[in-house]
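Have a look at the structure below, then the notes.
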Amino acid sequence: MNRLFTKSLCTSSAAGANLKPPPPDPAAVSKLILSSPTTTTLQSPLSPNTPWTPHLVNSILKRLWNHGPKALHFFHLLDRRHRNYIHSPSSFNLAIDIAARLHLHTTVWSLIRRMRSLRIGPSPKTFAIVAERFASSGKPDKAVNLFLNMHEHGCSQDLASFNTILDVLCKSKRVEKAYELFKDLRGRFSADVVTYNVIVNGWCLIKRTPKALEVLKEMVERGISPNLTTYNTMLKGFFRSGQVRQGWEFFLEMKKRNCGIDVVTYTTVVHGLGVSGEVKRAKKVFDEMIREGVLPSVATHNALIQVLCKKDTVENAVLVFEEMLRKGYEPNVTTYNVLIRGLFHAGEFTRGEEMMRRMEEEGGCEASFQTYNMMIRYYSECGEVEKALGLFERMGSEGCLPNLDTYNILISGMFVRKRSEDMVVAGNQGFSKEILRSQSKSGSRLTKKFRL
DNA sequence: TTAGGGTTAG
């Protein structure tokens, strides 16, 4: 940690004797924190002059997202020992999120108390974060209680926070629970169009479109007019639950009734038709929107590119990508990830690698852990362990830290090959218990399979 | 972070 503040870790070397030290480089600091053998050896000689900013701290916390204990240790060191720096509410929220993911409830509450003592929170967002973690770890009742008691922690309950807790429950598929709470409290909080949209979306997320339609009917009866978001939500619900014909008819009805259909409507239809295999119709809708004067977004292109990769040919997907560039669109990480995946899926590994290079050099996009994990998975599955390990090494050096999924993918690739020397490599790459115990966002099946 | 569209494969 001493080295945290030496020149080599800083973004600029212009630190003269009388100048303030330059800001630390988030990638270098993150790697240093990560490479400390244990959290206890990470001591805190934090220079009082280091110009920390919320942006920098947040950037480091995000980089260490899959290495929660280390991220929290860094946060605490800065909070307790650095007199010139006070954490921002957004950094607190990130730290609380990390602690909640690790089920460190004592830490969560001490951070909330600390926010309150500094008079910078907690905000409704803070409670939304904690509630989300409760709901997604099988404790929806705790999430509800948190909302019901939030006023005791200095945060008022209002319609916005009511809508938020309902949305949190719905997004973690606890729709029945959300619906109960909604029916109990909709009078007290004067449920509005947002409240109803959240519930409609909830039923759609678990593919119960008849219930969603029921809520839609009910909101009309109660004098709350559905808006375009309501209709787009319902439309997506039909396609998601495989009701392609109903989705199409709903779309025609939306056009007929002049709901002011927008780019989201069209993107939903392009994607919905495409994934059900109706590629030609999807392309027709894409062309139609342009004729109708609704400009496709990057997301619309991504939808089309994805369905072409999956249900047509990757060559046609590449054509859409090139066309997109000609029109002046700036592809994003999703665009590249979808295309690279399509190329790898078609066995075009070299072209996939080339697309990754373009992503970074021409597209100005940093490869994400999704990019790496996907490529490592394809290489592992076909026995190209060396290629997979090469990418794994690049990951660390480019500031995109491997997560638990990465390790699982690599290990399973090695098990497939069953070579003893791979196991030695695995040891050398630091597949330690500590890393493997760290939290994984997606909770991969392989975690259980290879639990150490 | 009060609501809607675009990332794995199995």
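Using the working numbering, read the first sequence as starting at 1397 and increasing by one per residue.
Using N, Cα and C, we set each Cβ at its ideal position, and we do this for glycine too.
Fair warning: this is a prediction, and the values are worked out from it, not measured in the lab.
CB of residue i within 9 angstroms of CB of residue j, strictly
i            : j            : result
residue 1648 : residue 1630 : no
residue 1797 : residue 1463 : yes
residue 1502 : residue 1511 : no
residue 1465 : residue 1447 : no
residue 1672 : residue 1716 : no
residue 1809 : residue 1784 : yes
residue 1738 : residue 1713 : yes
residue 1746 : residue 1755 : no
residue 1624 : residue 1655 : yes
residue 1490 : residue 1454 : yes
residue 1736 : residue 1720 : no
residue 1707 : residue 1670 : yes
residue 1811 : residue 1791 : no
residue 1531 : residue 1581 : no
Neighbourhood of residue i by C-beta, 7 angstroms cutoff - its chain only, sequence neighbours within 5 removed
i            : result
residue 1734 : 1698, 1701, 1702, 1705
residue 1666 : 1678, 1681, 1682, 1696, 1699, 1700
residue 1642 : 1634
residue 1603 : 1636, 1637
residue 1429 : 1438, 1460, 1466, 1470
residue 1805 : 1769, 1772, 1773, 1776
residue 1526 : 1492, 1496, 1504, 1542
residue 1659 : 1690, 1691, 1692, 1693, 1696
Assigned exposure category for residue i - 16 Cβ within 10 Å defines buried
i            : result
residue 1709 : exposed
residue 1786 : exposed
residue 1421 : buried
residue 1504 : buried
residue 1513 : exposed
residue 1528 : buried
residue 1571 : buried
residue 1483 : buried
residue 1449 : exposed
residue 1573 : buried
residue 1508 : buried
residue 1577 : buried
residue 1616 : exposed
residue 1724 : exposed
residue 1568 : buried
residue 1402 : Residue confidence for residue 1402 is low, a pLDDT of 38 falling below 50, so the modelled location carries little weight and cannot support an answer.
residue 1760 : exposed
residue 1924 : Residue 1924 cannot be examined here, being either before or after the span of the chain that is shown, 1397 to 1848.
residue 1545 : exposed
residue 1686 : exposed
residue 1583 : exposed
Neighbourhood of residue i by C-beta, 8 angstroms cutoff - its chain only, sequence neighbours within 5 removed
i            : result
residue 1646 : 1627, 1630, 1631, 1634
residue 1620 : 1587, 1588, 1589, 1592
residue 1651 : 1657
residue 1354 : With the chain represented from 1397 up to 1848, any question about residue 1354 goes unanswered, as that position is not in the structure.
residue 1788 : 1768, 1772, 1798, 1802, 1806, 1825
Closer than 8 angstroms: residue i CB and nearest the ligand FAD heavy atom
i            : result
residue 1736 : By its list of ligands, the structure shown contains no ligand whatsoever, and the ligand FAD lies outside what it can speak to.
Cut-off 6 angstroms between Cβ atoms - residues of its own chain near residue i, not counting five sequence neighbours on either side
i            : result
residue 1456 : 1422, 1425, 1426
residue 1607 : 1599
residue 1516 : 1485
residue 1487 : 1450, 1453, 1454
message = Three or more C-beta pairs under 8 angstroms: does that hold for the stretch 1552 to 1567 against the stretch 1583 to 1596?
response = A contact exists between the stretch 1552 to 1567 and the stretch 1583 to 1596.
request  = Kindly provide the ranges of any alpha helix (DSSP H) runs that are 4 or more residues long and lie completely inside the stretch 1437 to 1515, ordered along the chain.
outcome  = With a minimum length of 4 residues, the continuous alpha helix (DSSP H) runs that stay inside the stretch 1437 to 1515 are 1450 to 1459, 1464 to 1477, 1485 to 1497, 1501 to 1513.
query = Are the stretch 1526 to 1537 and the stretch 1547 to 1557 touching, with three or more C-beta to C-beta distances below 8 angstroms?
reply = Too few Cβ pairs lie closer than 8 angstroms, so no.
Runs of beta strand (DSSP E) lying entirely within the stretch 1554 to 1578, each at least 3 residues, in chain order = Within the stretch 1554 to 1578, no complete beta strand (DSSP E) run reaches 3 residues.
message = Runs of 4 residues minimum, wholly inside the stretch 1742 to 1780: which ones carry the alpha helix (DSSP H) assignment?
response = The qualifying runs are 1745 to 1757, 1765 to 1777.
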